[in-house]
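For reference, the structure is listed below as structure tokens.
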Amino acid sequence: MHKPVMVNEIVKLTEPKKDSIIIDATFGFGGHSKAFYEIIENGLIIGFEKNEMTYEIVKKMFKNYSRILIYNVGYENMAEIIEKLGFFNKVDIVIFDLGLSSFLIERSGLGFSYKRNEILDMRFSQKEGKPLYQLLETLTQKEIERILKNYGDIRNPYRISQTIIDNKPIKTTKDLVNILKKITPRNKLDKTLKKVFQAFRIYVNDEIENIKKGILNAYKCLKVGGRIAVLSYHSIEDRVIKSFYRSPLFIPILKKPLKPSDEEIIINPRARSAKLRILIKK
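Using the working numbering, read the sequence shown as starting at 268 and increasing by one per residue.
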């Protein structure tokens, strides 16, 4: 099961009170929310989970938590729910953990892992957009090249993009991995696979635009002085969060992001690349 990252640091820096209203914008399996639930006595946690499979599981897991509401909605659309609940400008804390959950990687069957042979879907929500294997049928070489460069930080994406075009149709993760094996040195294969899979996942889910929408949604929901905690895991996400440091909407309280302790990394190796940033609503 997915282990929550930097829980103690997030709780300390967001300063929850007994009556706090908290949004967990990336609910997952509720690891961060559980920590806050122990603190708030007459407050409320509102969770948003975009993936349908995860939502169905956690809805049952948290059915007896009277002060937690969970919605099968992505954070890019959470403001509408918060407005209906009557909590616009009343929320104290919003948490974003932008990491991909262990469940989606290991058990969803949606093609998020290059180590498993699955259909190349990569959508967080099956209700939105098209799976990657369908998108690859119509994407041009130039479009694939741009995706790999912008979302995977791949410096010379031409060869990969052209090889993908030359080897259509590509329907499974194994198809994509085998194509990349043909043109990638063995000592660089793992790193290349990570970058390519990351790039396509970001593209399929429009993650960069949705992160921006999510932060702006959080701004609408927060009271003045309310806090946003964001965990990012790669430089592309982190650049988006850093861009809000220059925004007139927020005050950053950490000049440099916090990173997980050595002890946490030993217990939870997937926390290694995490960066925590905190924004306060002006």
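Glycine is no exception: its CB is placed at the ideal position from the N, C-alpha and C atoms.
Can you grab the Cα-Cα spacing for the pair residue i / residue j, in whole Å?
i, j, result
"L546", "Q408", "39 Å"
"P398", "A466", "14 Å"
"L456", "I414", "19 Å"
"N535", "K285", "29 Å"
"V507", "I324", "31 Å"
"G314", "M345", "9 Å"
"N339", "A496", "21 Å"
"I232", "M320", "Because the chain here runs from 268 to 549, residue 232 falls outside it and cannot be looked at."
"Y486", "K548", "7 Å"
"K526", "H501", "12 Å"
"D291", "G376", "25 Å"
"N417", "K462", "11 Å"
"L498", "A541", "6 Å"
"E504", "T440", "24 Å"
"S333", "G353", "18 Å"
"T403", "G396", "With the sequence shown as reference, residue 403 is identified as Leu, and Thr is not the correct amino acid for it. Taking the straight line from one Cα to the other gives about 13 Å."
"I469", "N454", "25 Å"
Indicate the three-state DSSP secondary structure (helix, strand or coil) for residue i in the structure shown.
i, result
"D359", "strand"
"K542", "strand"
"I306", "coil"
"G314", "strand"
"S499", "strand"
"L336", "strand"
"Y512", "helix"
"E412", "helix"
"M345", "helix"
"T459", "helix"
"S369", "helix"
"K270", "coil"
"N445", "helix"
The alpha helix (DSSP H) spanning residue i covers which residue range?
i, result
"Y486", "E474 to C488"
"K284", "First-last for K284: undefined, no H or E at that position."
"L402", "L399 to T405"
"K327", "E319 to M328"
Establish whether the CB of residue i and some CB of chain B are separated by less than 9 Å.
i, result
"K357", "In summary, chain B is missing from the structure at hand, where a single protein chain is found."
What does DSSP give as the partner residues of residue i in its beta bridges?
i, result
"P519", "L546"
"R494", "I360 and I547"
"L525", "L543"
"T439", "I386"
"I289", "I312 and I360"
Confirm, please, whether the CB-CB distance from residue j to residue i is below 9 Å.
i, j, result
"E316", "G298", "no"
"I312", "N484", "no"
"L220", "L280", "Missing from the structure shown is residue 220; the chain here goes from 268 to 549 and no further."
"L387", "K438", "yes"
"F379", "L371", "yes"
"C488", "K357", "yes"
"I306", "P283", "yes"
From which residue to which residue does the beta strand (DSSP E) around residue i run?
i, result
"I553", "Since the first residue of the chain shown is 268 and the last is 549, residue 553 is not available in this structure."
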